[in-house]
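Structure record follows, encoded as structure tokens.
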Amino acid sequence: YQTTFQTWDKLAAAYQDKFMDLDLYDDTYDLFCQFVEKQNPAVFEIGCGPGNVTRYLLNKRPDFKIHATDVAPSMVELAQKNNPTAHCSVMDCREINTLASRFDGILCGFCMPYLSKEDCEKLIEDCGGLLNSGGILYFSAIEDDYQKSGFETSSDGQHTMYVYYHQADYLKKALEKSYFEVVAEERKTYSKNNGTSSTHLIIIAKQKHT
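Each residue of the sequence shown is one higher than the last, beginning at 25 in our numbering.
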């Protein structure tokens with residue numbers, strides 16, 4: 025994991041330049057905003073990066089009270105700069121169960137490609153514990169056989185990180201176990217610079233447990 029965290033810290037500005045205006049997932053963020061029906065809801069964002077999604081959500085729903093977190097300090101710094109009204113802090117998503125707060129919505133955009141199957145299952149369980157009844161969870165992952173997970177090099181050949189592929193079946197089982205009901209499931213084809221593409225899975229689920 026350490027290699028991945030250090031890489032993200034170094035890549036923060038480049039990531040911001042590349043993804044700040046990427047609109048491929050906007051319709052799924054719109055769905056999240058629709059499903060969070062409460063006014064002035066508390067929203068927790070995991071793996072906020074430079075705050076590109078944070079900014080989109082706040083434009084769409086200025087009433088969102090967002091606490092955005094990322095494991096890389098340089099990402100959090102950019103996120104705060106890009107979203108002065110959000111509360112941004114450094115946090116490892118494997119430690120969210122230590123939070124005392126409760127939320128009406130949790131958004132976790134592309135943390136799962138950097139978490140093992142077991143850590144993803146724990147993350148879903150932890151999110152279940154942090155959500156108020158009827159709360160909404162959004163997460164995205166790269167969908168493929170878990171066995172294909174391994175080290176990958178960035179498009180400029182400068183950085184290497186371990187990328188995990190995940191399967192919808194065990195992610196949905198983990199949701200069921202934590203009393204979630206899937207309310208939306210989407211797939212997007214993401215084209216990479218090298219001409220290949222990958223399938224990105226987006227799931228939105230509602231906490232049924234009271």
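All C-beta atoms in this analysis are idealised placements derived from N, C-alpha and C, irrespective of residue type, glycine included.
Going by DSSP, name the residue or residues bridged to LYS212.
HIS224.
Only counting the same chain, and skipping five residues up and downstream in sequence, which positions put a Cβ closer than 8 Å to that of ALA198? Answer for ALA198: CYS144, GLU145, ILE148, GLU149, listed in chain order.
> What residue from THR213, LEU161, ALA192 has the CA that sits closest to SER202's CA?
Replying inline: Residue LEU161 is the option with its Cα nearest to SER202.
- Item | Residues bridged to LYS84 [DSSP beta-bridge criterion] | Per DSSP, none; premise fails for LYS84.
Please report the straight-line C-alpha distance between SER221 and ALA124, rounded to a whole angstrom.
When rounded, the distance between both Cα atoms is 40 Å.
**Q.** C-beta contact flag for PHE134 and PHE68 at 8 Å
**A.** In this structure, PHE68 does not lie closer than 8 Å to PHE134 by Cβ.
(request) Closer than 6 Å by C-beta to GLN63: which residues in its own chain qualify, once you throw out the five before and the five after it? Chain order, please. (result) Same-chain partners within the cutoff: ASP87.
How should ASP94 be labelled, buried or exposed, when 16 other C-beta atoms within 10 angstroms of its C-beta is the threshold for buried?
So ASP94 counts as buried.
Can you pull the DSSP bridge partners for GLU167? Per DSSP, the beta-bridge partners of GLU167 are HIS190, THR223.
How would you label GLY106, buried or exposed, when you count the other beta carbons within 10 angstroms and need 16 or more for buried?
-> Checking the displayed sequence, the identity of residue 106 turns out to be Asn instead of Gly. Burial call: buried.
Next on the checklist: Looking only at its chain, what residues have a beta carbon closer than 6 Å to the beta carbon of GLU176, apart from the 5 residues adjacent to it on each side?
Outcome noted: Result list for GLU176: VAL187, in chain order.
Does DSSP put GLY71 in a helix, a strand or coil?
Coil.
Query raised in the report: Are the Cβ atoms of CYS112 and ILE70 separated by less than 8 Å?
Result: Contact flag unset, no.
Point to revise | DSSP-derived helix/strand/coil call for TYR162 | key: Taken through DSSP and simplified to helix, strand or coil, TYR162 comes out as strand.
Notebook entry, point to check: When the Cα of ILE130 is compared with those of TYR53, THR213, LEU48, which residue comes out closest?
Noted result: Comparing Cα positions, the closest option is TYR53.
| In three-state DSSP terms, what is PHE59? | It is helical.
Are GLY159 and GLN231 closer than 8 Å when you measure CB to CB?
In this structure, GLY159 lies near GLN231, with their beta-carbon atoms less than 8 Å apart.
Query raised in the report: Just checking my contact of HIS190 with MET136 at CB under 8 Å: how many whole Å lie between their CB atoms?
Result: Here HIS190 really is in contact with MET136; their C-beta atoms are around 6 Å apart, less than 8 Å.
Can you look up MET185 in the DSSP assignment and give me helix, strand or coil? Strand.
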